[in-house]
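Engineer:
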Amino acid sequence: MTISVLYVDDDTDYHQIVSRFFEREEDLSVRLCSMAEDGLKALELEPFDVVVSDYQMPVMDGISLLKEVRNRYGRLPFILFTGRGREEVAIQAINNGVDYYLQKGGDPTAQFTDLFHKIRLLHQKNITESLARENERRFNTTLDRIHMVAFHLDEEGIVQYCNDFLLSLTGWKREEFLHQNFFELAVPPDLREMKKRLYKEAIKNETISQHEEMKILLRSGEIRDLDIINTDLRDEKGRFFGYMCIGEDVTEKKKAREKIAEMSRKFRLLQSITRHDVINIVTSIRGYMDILDEFEDPREKERVQNTILDLLDRIENLIQFLREYEQVGAQPPVWQNIASLAGNIYTSGVPVRCLVPGTLSVYADPMLGHVFSNLYHNSLIHGGKVTEISCHMEQDDKGIRIIWEDNGKGVPNEEKDRIFLLSHGRNSGFGLYFISEVLAMTGITITENGEPGKGARFDINVPYGTFRLEKE
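Numbering (this note's numbering), first residue to last: 183 to 654.
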């Protein structure tokens with residue numbers, strides 16, 4: 183497949199250089215325009231996959247062209263490729279939705295190699311997002327044709343009416359479902375008491391949330407997600423006597439949205455970590471190798487050698503992270519025993535005191551075991567002289583917290599909000615970012631709440647519906 187590129191630059195002498203570089207790329211074709219207005223006319227006449235534009239041009243500059251392209255063609259990929267390096271230009275470009283801002287200058291081969299790489303990335307991203315939108319559109323069309331569940335609960339939560347579709351969804355017979363306590367029969371056990379309490383409060387106040395997402399327990403033991411509209415029922419005198427609940431099964435829709443969100447996160451990451459990052463490190467290594475023999479002082483030579491080893495470690499860490507990250511979201515979530523995962527980490531000197539109940543399981547990505555191994559290595563590498571590591575559980579009305587603690591030096595307050603961000607070109611940052619991505623697959627979050635100087639404390643926040651305490 184050939185990627186068609188519209189290239190707009192008023193420097194017609196530079197067109198020859200552009201053409202020469204594009205001719206070397208079999209999968210790229212280019213249409214050259216010397217003015218932004220000509221570029222807009224070209225877009226009207228034929229479709230292009232990517233637009234590349236200079237900034238400083240007569241009549242209409244590159245930012246104005248970007249605005250017009252966004253207005254007419256939405257998210258058509260757009261790269262500003264310019265020799266103007268002013269900060270305000272970059273800010274304007276970003277604020278108006280540019281995909282990449284690249285500066286001309288330096289080695290032309292390197293510049294165009296980077297440009298072509300960005301063009302291919304944007305083209306693939308556009309294809310992926312278009313497919314995702316089309317799949318979601320088709321899926322929503324299918325959902326529109328599905329029947330809706332309907333049931334009526336009285337003031338005690340007893341089922342007074344249920345339609346055929348609800349029975350076909352849940353697997354219950356009418357005589358098994360009708361006149362039964364809805365919460366005892368159809369609400370998952372770990373949510374039952376909370377839902378009963380909220381329903382009693384709603385009955386007392388004669389008001390309930392008009393719209394809610396709820397989980398329903400099927401006869402088979404499966405749990406499905408319903409999107410429900412609640413309407414209070416009153417007799418002819420206005421006296422309240424219960425609620426009518428009507429809604430649809432949105433389980434598959436939620437899975438589709440989660441899958442699209444996982445694809446989007448992965449693409450943003452893989453887009454940000456390109457071969458350019460590795461090339462920069464390799465260039466640094468070559469530079470240090472070239473000057474290594476110039477040092478006569480053994481200590482200076484050793485310092486340079488250690489720097490080279492550190493750079494090699496950075497490449498190795500990057501490759502290892504990408505290898506593991508590729509597996510996140512590749513398989514559907516499963517129930518996993520936490521005590522088994524946290525208690526069976528391969529340790530190197532400092533044991534993990536695991537106080538998590540042996541009955542606790544969490545619904546998470548199959549890479550969940552790597553979360554605890556990464557937390558362990560994070561304690562050892564960044565905690566200083568760590569001698570104690572523990573893992574235990576707390577519970578409240580929002581769910582549970584799995585707490586990982588050590589007695590190391592802790593995390594400074596100014597770094598707490600940044601430790602889960604991806605740190606480009608550093609040995610740190612990959613592990614904790616990876617942890618947060620694995621947990622996010624099923625709506626689990628992680629925060630660091632330790633006291634600096636007294637140790638790190640990572641709270642893994644697991645909401646109701648994604649954990650269970652099984653029988654011994």
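For each residue, glycine too, the CB sits at the ideal point set by N, CA and C.
Going by beta carbon distance, what residues of the same chain come within less than 6 Å of Ser216, once the five residues before and after it are set aside?
Structural biologist: Correct list, in chain order: Asp192, Thr194.
Engineer: What residue from Ser246, Trp354, Asn317, Met623 has the CA that sits closest to Val516's CA?
Structural biologist: Considering only alpha carbons, the answer is Met623.
Engineer: If you scan the stretch 218-300 from start to end, which runs of the alpha helix (DSSP H) of 4 or more residues do you find wholly inside it?
Structural biologist: DSSP runs (the alpha helix (DSSP H)) wholly in the stretch 218-300: 218-227, 244-255, 269-277.
Engineer: Cβ of His574 within 8 Å of Cβ of Leu537?
Structural biologist: Yes.
Engineer: Mapping the DSSP letters down to three states, classify Tyr425 as helix, strand or coil.
Structural biologist: In the structure shown, Tyr425 sits in a strand (DSSP, three-state: E or B).
Engineer: Reducing DSSP to helix, strand and coil, say where Thr489 ends up.
Structural biologist: Reduced to three states, the DSSP call for Thr489 is helix.
Engineer: For my contact list, Asp407 and Val369 are in at a C-beta cut-off of 8 Å; report their separation, rounded to the angstrom.
Structural biologist: Incorrect: roughly 13 Å between the Cβ atoms, too far for contact.
Engineer: Just to confirm my understanding: we take Ile405, look at its own chain, exclude 5 residues before and 5 after, and list those with CB closer than 8 Å. What are they?
Structural biologist: For Ile405, where only same-chain residues beyond five positions count, the Cβ hits under 8 Å are Pro370, Lys397, Ile398, Leu399, Gly647.
Engineer: Using a 10 Å radius around the Cβ and a threshold of 16 neighbouring Cβ atoms, would you call Gly590 buried or exposed?
Structural biologist: Buried is the call here.
Engineer: So, using beta-carbon positions, are Asp588 and Ile571 closer together than 8 Å?
Structural biologist: Yes, the pair counts as a contact, with Cβ atoms nearer than the cut-off.
Engineer: Is it buried or exposed, Leu550, if we count other Cβ atoms within 10 angstroms and call 16 or more buried?
Structural biologist: Result: buried.
Engineer: Could you tell me whether the stretch 247-256 touches the stretch 217-230, using the rule of 3 or more Cβ pairs below 8 Å?
Structural biologist: With the cut-off at 8 Å, the stretch 247-256 and the stretch 217-230 touch.
Engineer: Can you tell me which of Glu652, Arg439, Thr295, Leu227 puts its alpha carbon nearest to the alpha carbon of Asn519?
Structural biologist: Cα-wise, what sits closest to Asn519 is Glu652.
Engineer: Could you tell me the alpha carbon to alpha carbon distance between Glu630 and Lys598, rounded to whole angstroms?
Structural biologist: C-alpha separation (whole angstroms): 6 Å.
Engineer: What does DSSP give as the partner residues of Trp343 in its beta bridges?
Structural biologist: A small fix is needed here, since residue 343 is Tyr in this sequence, not Trp. Tyr343 is bridged to His334.
Engineer: Distance, Cα to Cα, Glu208 vs Thr310?
Structural biologist: Going by the C-alpha atoms only, they are around 22 Å apart.
Engineer: Which two residues bound the contiguous beta strand (DSSP E) that contains Asn412?
Structural biologist: Where Asn412 is concerned, the enclosing beta strand (DSSP E) stretches over 405-416.
Engineer: Pull up the distance between the alpha-carbon of Gly429 and that of Ile582, whole angstroms please.
Structural biologist: The straight-line gap from Cα to Cα measures roughly 29 Å.
Engineer: Pick out whichever of Pro240, Arg254, Arg439 has its Cα sitting closest to the Cα of Glu316.
Structural biologist: When only C-alpha atoms are compared, the closest one is Arg439.
Engineer: So Tyr196 is in the alpha helix (DSSP H); what residue range does that whole segment cover?
Structural biologist: It spans 194-205 - the alpha helix (DSSP H) in which Tyr196 sits, taken as one unbroken run.
Engineer: With H, G and I counted as helix, E and B as strand and the rest as coil, what does DSSP make of Lys397?
Structural biologist: If DSSP states are grouped into helix, strand and coil, Lys397 belongs with the strands.
Engineer: Return yes when the Cβ of Phe616 is within less than 8 Å of the Cβ of Asn556, no when it is not.
Structural biologist: Cβ distance < 8 Å, so Asn556 and Phe616 count as in contact.
Engineer: Note down, in chain order, each residue of its chain lying with its Cβ closer than 8 Å to the Cβ of Glu395, except the 5 sequence neighbours on either side.
Structural biologist: Counting only Cβ-Cβ distances below 8 Å, and skipping sequence neighbours, we find Asp407, Leu408, Asp409, Ile410, Val432.
Engineer: Please check the pair Val341 and Phe364, which I expect to be a contact at CB under 8 Å, by giving their CB distance rounded to whole angstroms.
Structural biologist: Indeed they touch by this definition, with Cβ atoms about 5 Å apart.
Engineer: On the CB-based measure, 16 or more other CB atoms within 10 Å of its CB, does Lys300 come out buried or exposed?
Structural biologist: Result: buried.
Engineer: Can you list, in chain order, the residues of its chain with a C-beta nearer than 6 Å to that of Thr627? Leave out the 5 residues immediately preceding and following it.
Structural biologist: Contacts found: Asn643.
Engineer: Check whether the Cβ atoms of Val280 and Val234 lie closer than 8 Å to each other.
Structural biologist: No, these two residues do not count as a Cβ contact at 8 Å.
Engineer: Using the three-state DSSP reduction, which class does Asp191 fall into: helix, strand or coil?
Structural biologist: Three-state DSSP puts Asp191 in coil, outside helix and strand.
Engineer: Using a Cβ-Cβ cutoff of less than 6 Å, which residues in the same chain neighbour Leu304 once the five nearest sequence positions on both sides are dropped?
Structural biologist: The residues are Val232, Pro259, Asp281.
Engineer: Please classify Ser543 as buried or exposed, where buried requires at least 16 neighbouring CB atoms within 10 angstroms.
Structural biologist: Ser543 comes out buried.
Engineer: Suppose contacts are defined by Cβ-Cβ distances below 8 Å. Is Val200 in contact with Val190 by that definition?
Structural biologist: No, they are not a contact pair.
Engineer: Helix, strand or coil: which one does DSSP assign to Asn519?
Structural biologist: Looking at Asn519 - three-state DSSP - the assignment turns out to be strand.
Engineer: Which residues bound the alpha helix (DSSP H) around Glu715?
Structural biologist: Since the first residue of the chain shown is 183 and the last is 654, residue 715 is not available in this structure.
Engineer: According to the Cβ coordinates, are Leu210 and His197 closer than 8 Å?
Structural biologist: It is not a contact, given that the beta carbons lie outside the stated cut-off.
Engineer: Work out the CA separation of Phe554 and Gly424 for me, nearest whole Å.
Structural biologist: Whole-angstrom Cα-Cα distance: 47 Å.
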